[in-house]
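Have a look at the structure below before the remarks.
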Amino acid sequence: MAGASRWPRNLRGIALLLFLMAGIAFAAHARTTPQALAEVALADLPKEAQDVHALVGKGGPFPFDRDGVVFGNREKLLPAKPSGYYHEYTVRTPGVKSRGGRRLVCGGPAKSPDACYYTDDHYRSFRKIRP
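Next up, the structure:
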């Protein structure tokens, strides 16, 4: 009898756990879908970002050795694409001697990307660039 009286409580606990897991999964999915990304007009970006965007269209030359390397999208904030799809480029930050935290990440063909994204917080958030 003791086992029979505990079953409903266990069932409620399992149901609650499943509900919470589903909520977390939904929130993660909503955060990573392309529709969830904010957009920004190219003209509204800092001049340094606009300059890098123009260099991407020309194929360079880029000022940093790491410019153009594959961006792995480990944060999964950008739309899921095959490995090697995204490439990152440094956007200079005035007054900062290192590469800083500003980047453009573009996906698709090198000189005519399908889409570019801007981050000013070193990959914690992205905004899709509207031409």
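According to this note's numbering, the sequence shown is numbered sequentially starting from 30. Heads up, the beta-carbon is just placed ideally off N, CA and C, and yes, glycines get one too.
Whole-angstrom C-beta distance between residue j and residue i, which should lie under 8 Å
i     : j      : result
ALA78 : ARG159 : With a Cβ gap of about 13 Å, ALA78 and ARG159 do not count as contacting.
Cα-Cα separation between residue i and residue j, rounded to whole angstroms
i      : j      : result
VAL125 : ARG131 : 11 Å
PRO142 : ASP73  : 19 Å
GLY86  : LYS110 : 21 Å
TYR147 : SER154 : 8 Å
PHE152 : LYS105 : Just to set this straight, residue 152 is Tyr in the shown sequence, not Phe. So the two alpha carbons sit approximately 10 Å from each other.
PRO108 : PHE100 : 12 Å
LEU84  : PRO92  : 10 Å
ALA65  : ASN102 : 16 Å
ASP149 : PRO90  : 22 Å
Nonlocal neighbours in the same chain, by C-beta distance under 6 Å from residue i, ignoring five residues either side
i      : result
TYR114 : GLY136
Bridge partners - residue i, DSSP secondary structure assignment
i      : result
VAL134 : GLU117, TYR146
LYS126 : LYS126 pairs with nothing; no bridge assigned.
VAL99  : HIS116
LYS157 : GLU68, TYR146
Any chain C beta carbon closer than 7 Å to residue i
i     : result
LYS76 : You won't find chain C in this structure, because it holds only one protein chain.
Cut-off 7 Å between Cβ atoms - residues of its own chain near residue i, not counting five sequence neighbours on either side
i     : result
GLU68 : ARG156, LYS157, ARG159
Neighbourhood of residue i by C-beta, 8 Å cutoff - its chain only, sequence neighbours within 5 removed
i     : result
GLY88 : ALA139, LYS140
HIS82 : LEU71, LEU74, LEU133, CYS145, ILE158
- Segment contact flag, the region 85-105 with the region 114-123, C-beta cutoff 8 Å, min 3 pairs: yes
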